[in-house]
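Protein sequences, first through last, are from chains C and R.
Heads up: the first sequence begins at 513 in the working numbering, then just goes up one per residue.
Heads up: the second sequence begins at 513 in the working numbering, then just goes up one per residue.
Every residue gets a Cβ at the ideal spot worked out from N, C-alpha and C, and that includes glycine.
None of the values given here were measured: they were computed from a predicted structure.
Here the structure is laid out as structure tokens; the discussion comes afterwards.
2 protein chains.
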Amino acid sequence: MSELWLIDALKTLCPSNSSIILGIDDDTAILRPTQYETLVCADMLMEGVHFILADAGPAAVGHKALAVNLSDIAAMGGKALSAYVSLALPRSLANEEFILDFYRGMSTLAQDFDIAIAGGDTNLWDGPFAVNVTVLGEAHEKGAIRRSGAKVGDQLYVTGPLGGSIASHHLNFRPRLDEAKLLMDNFDLSSMMDLSDGLAKDLRSICMQSGVSALLDRQTIPLRDTLKNNPDALRHALCDGEDFELCFTLSRAEAERLKKDPRFAFCTDIGGIIEGKDIFWSDDRSPMLWQGFEHGKNQKG
Amino acid sequence: MSELWLIDALKTLCPSNSSIILGIDDDTAILRPTQYETLVCADMLMEGVHFILADAGPAAVGHKALAVNLSDIAAMGGKALSAYVSLALPRSLANEEFILDFYRGMSTLAQDFDIAIAGGDTNLWDGPFAVNVTVLGEAHEKGAIRRSGAKVGDQLYVTGPLGGSIASHHLNFRPRLDEAKLLMDNFDLSSMMDLSDGLAKDLRSICMQSGVSALLDRQTIPLRDTLKNNPDALRHALCDGEDFELCFTLSRAEAERLKKDPRFAFCTDIGGIIEGKDIFWSDDRSPMLWQGFEHGKNQKG
Numbered sequence: 513m514s515e516l517w518l519i520d521a522l523k524t525l526c527p528s529n530s531s532i533i534l535g536i537d538d539d540t541a542i543l544r545p546t547q548y549e550t551l552v553c554a555d556m557l558m559e560g561v562h563f564i565l566a567d568a569g570p571a572a573v574g575h576k577a578l579a580v581n582l583s584d585i586a587a588m589g590g591k592a593l594s595a596y597v598s599l600a601l602p603r604s605l606a607n608e609e610f611i612l613d614f615y616r617g618m619s620t621l622a623q624d625f626d627i628a629i630a631g632g633d634t635n636l637w638d639g640p641f642a643v644n645v646t647v648l649g650e651a652h653e654k655g656a657i658r659r660s661g662a663k664v665g666d667q668l669y670v671t672g673p674l675g676g677s678i679a680s681h682h683l684n685f686r687p688r689l690d691e692a693k694l695l696m697d698n699f700d701l702s703s704m705m706d707l708s709d710g711l712a713k714d715l716r717s718i719c720m721q722s723g724v725s726a727l728l729d730r731q732t733i734p735l736r737d738t739l740k741n742n743p744d745a746l747r748h749a750l751c752d753g754e755d756f757e758l759c760f761t762l763s764r765a766e767a768e769r770l771k772k773d774p775r776f777a778f779c780t781d782i783g784g785i786i787e788g789k790d791i792f793w794s795d796d797r798s799p800m801l802w803q804g805f806e807h808g809k810n811q812k813g
Numbered sequence: 513m514s515e516l517w518l519i520d521a522l523k524t525l526c527p528s529n530s531s532i533i534l535g536i537d538d539d540t541a542i543l544r545p546t547q548y549e550t551l552v553c554a555d556m557l558m559e560g561v562h563f564i565l566a567d568a569g570p571a572a573v574g575h576k577a578l579a580v581n582l583s584d585i586a587a588m589g590g591k592a593l594s595a596y597v598s599l600a601l602p603r604s605l606a607n608e609e610f611i612l613d614f615y616r617g618m619s620t621l622a623q624d625f626d627i628a629i630a631g632g633d634t635n636l637w638d639g640p641f642a643v644n645v646t647v648l649g650e651a652h653e654k655g656a657i658r659r660s661g662a663k664v665g666d667q668l669y670v671t672g673p674l675g676g677s678i679a680s681h682h683l684n685f686r687p688r689l690d691e692a693k694l695l696m697d698n699f700d701l702s703s704m705m706d707l708s709d710g711l712a713k714d715l716r717s718i719c720m721q722s723g724v725s726a727l728l729d730r731q732t733i734p735l736r737d738t739l740k741n742n743p744d745a746l747r748h749a750l751c752d753g754e755d756f757e758l759c760f761t762l763s764r765a766e767a768e769r770l771k772k773d774p775r776f777a778f779c780t781d782i783g784g785i786i787e788g789k790d791i792f793w794s795d796d797r798s799p800m801l802w803q804g805f806e807h808g809k810n811q812k813g
């Protein structure tokens, strides 16, 4: 694997778009300034923590490494524009086939959403495989939706089924960028985040940052098909993590409009925002005490 | 090391600035759009490749991980605005003291240049220590300076002494952001890059991308003090790597102005741009055949 081969391969494989003035070729990428707020997120995925390379294969890891970041951009209600990829590659994997498979997995997803891959840093070492992807995006003209805007009286929604993502969903999920745009174009959302650590934990983040609490309806929380006969399905749905669905709040008036619009059948009302600190189940008003998922105590900021 | 402790520590340690609307607190950072072109770069540093943690200590690694990216922004003639930090942390290092030392080393440099640290992703694993930093910046009002703009007849300059950086310079260097701004404010540069892989290799990149060649003056290439009695000093200066000085070209007329201005005494004329493909020594017109430094065949795009 020569350096010139690698640069040529990346130039061939990596898509560009109209946000890019200069991509992989210089000390930095050069981009047109965004019209609305610029969004930036970075996530590192590591062998044995976020994937098992021998099971997943390089293409799926390439897909996931980009997808988790696109999910963060979707969570702000934004549009993703470009990605920057840093690889820590074990010397045993430093072959052309591995690199091509990895980048093909990532590029297929990038092309689906017209995202440029505009920077790469490929390094060999004696450690395991790790990949960092940084994504730049642009907020919707209505502005970025934060975790901190949930208000007492709002309704609480998720964009799809939860739990059991470890079987395959955590590797092959489609980030909810299109759904986020449709929601932003049609409704005024008060808060949003993506569910990466499980609803039990992530909902606490919305509540804490908004200074509110929530009532959760255990009857309506949508379960992934593979959990339907699992006696512990609800706990899986709240605690498994890596659902990468969006969790959002909006006023009751907005929620009434949403319920009547068949384009939003993918959204499920799972409860409401109340005053207080602890999250409760809506049926018996008992506290929801589950904690959600931690990748061995990781932290995203 | 709890997650809440970590978020609080990062919020306390990480500087902000006027480019940041929302930093470490949500799914993405929210930034004001840049006025001129946006610049983006990402570099991953890894144990045993870019540093030996036991020798360097966490603060020096924090400094270097940011500094190498600032050097890339300087190389475009730009201003650095904000940094995003992803850590792959061995479980044995997951203690508060290590994290604080690392971030203090990075924050000290960030504050020096008024750069925000606006995002973090901290992950534990069973591998060695690695850190990726992404930096966003803004081009100078004159535009970003590329590698590809060198023209036949231009003069070739470097901003400081080269070689022998392994002793300490590669860990504690000050990225040339101030020097880049002073140059941009006062001169029209035709091309620029930062010297990370050694002048011998990096100058080839300028030449190849500009479709030109260079004459190098072996008498004027500035040597680091520690090389002064080294019989092989010139080869070290061209091949050692990690100098993180800027190499730039400008027209002869601009170079004449620069030579007369005492504020630019840090700049040294080391040759000129000619037609052709191979780089030659200016005294005997023999080809310069040295190859420069590779971190075990890494590649930056």
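Beta-bridge analysis with DSSP links R/A541 to C/V552.
Contacts with chain R at 8 Å (Cβ-Cβ) include C/S598. The Cβ atoms of C/L689 and C/A586 lie closer than 8 Å to each other.
By the CB criterion at 8 Å, C/H682 and C/G590 fall outside the cutoff.
Among the residues of the region 628-643 of chain R, those with a Cβ less than 8 Å away from any Cβ of chain C are A630, G631, G632, D633, T634, N635, L636, W637, D638, G639, P640, A642, in the order of the chain. Chain-ordered, the chain R residues with CB closer than 9 Å to the CB of C/P545 read P545, T546, Q547, Y548, E549, T550, E650. Among the residues of chain C, none has a CB under 8 Å from the CB of R/I611; the nearest is roughly 10 Å distant.
Burial check for C/I536: the Cβ neighbour count within 10 Å reaches 16 or more, so the residue is buried.
About 4 Å separates the CB atoms of C/I657 and C/M704; that is less than 8 Å, so the two are in contact. Within the region 658-675 of chain C, those residues whose Cβ lies closer than 8 Å to any Cβ of chain R are, in chain order, R658, R659, S660. In the structure shown, the three-state DSSP call for R/K654 is coil.
With a threshold of 16 other beta carbon atoms within 10 Å, R/G574 meets it and is buried. For R/W517, the enclosing alpha helix (DSSP H) stretches over residues 515-525. Contact check for C/E787 and C/V664: beta-carbon distance about 5 Å, within the 8 Å limit, so the pair qualifies. Taking a Cβ-Cβ threshold of 7 Å, the residues of chain R close to C/A656 are I542, in chain order. Of all residues in the region 550-575 of chain C, only T550, L551, V552, C553, A554, D555, M556, L557, M558, E559, G560, V561, H562 come within less than 9 Å of chain R when Cβ atoms are compared, listed by chain position. Looking at C/H748, C/A765, C/G632, C/W802, the one whose alpha-carbon comes closest to that of C/K523 is C/G632. When the beta-carbon positions are compared, C/G560 and C/P640 come within less than 8 Å of each other. Looking at the backbone, the Cα of R/Y669 and that of R/D697 are separated by about 17 Å. Under the three-state reduction of DSSP output, C/E691 falls in the helix class.
Contact between the region 775-792 of chain R and the region 715-730 of chain R is present, with at least three C-beta pairs closer than 8 Å. When DSSP assignments are scanned along the region 710-737 of chain R, the uninterrupted stretches of beta strand (DSSP E) that are 3 or more residues long and fall wholly within it turn out to be 725-728.
The beta strand (DSSP E) runs lying completely inside the region 752-803 of chain R and spanning 3 residues or more are 758-762, 780-786, given in chain order. Distance from the CA atom of R/N741 to the CA atom of R/R730, rounded to whole angstroms, is 16 Å.
In this structure, the alpha-carbon of C/I627 lies about 17 Å from that of R/A554. When secondary structure is reduced to three states using DSSP, C/N635 falls in the strand class. Residue contact with chain R for C/T524: absent (no Cβ-Cβ distance below 8 Å to any residue of chain R). Counting C-beta atoms within 10 angstroms of its own C-beta, R/N644 has 16 or more neighbours from the protein chains shown and is therefore classed as buried.
Check the Cα spacing between R/L557 and each of R/S677, R/P545, R/A579: the tightest is with R/A579. By the CB criterion at 8 Å, R/D737 and R/F805 fall outside the cutoff.
Note that the C-beta distance between R/L593 and R/P687 is not below 8 Å. Sorting R/M720, R/I611, R/L551, R/F563 by C-alpha distance to the C-alpha of R/S514 places R/I611 at the top. Restricting attention to alpha helix (DSSP H) runs no shorter than 4 residues, the region 564-628 of chain C encloses them at 565-568, 570-587, 608-624, ordered along the chain. Taking all protein chains in view, the Cβ of C/N635 is crowded by 16 or more other Cβ atoms within 10 Å, so the residue is classified as buried. Per DSSP, the unbroken beta strand (DSSP E) holding C/L701 starts and ends at 701-706. For chain R, the residues of the region 713-745 of chain C that bring a beta carbon within less than 8 Å of one of its beta carbons are Q721, in chain order.
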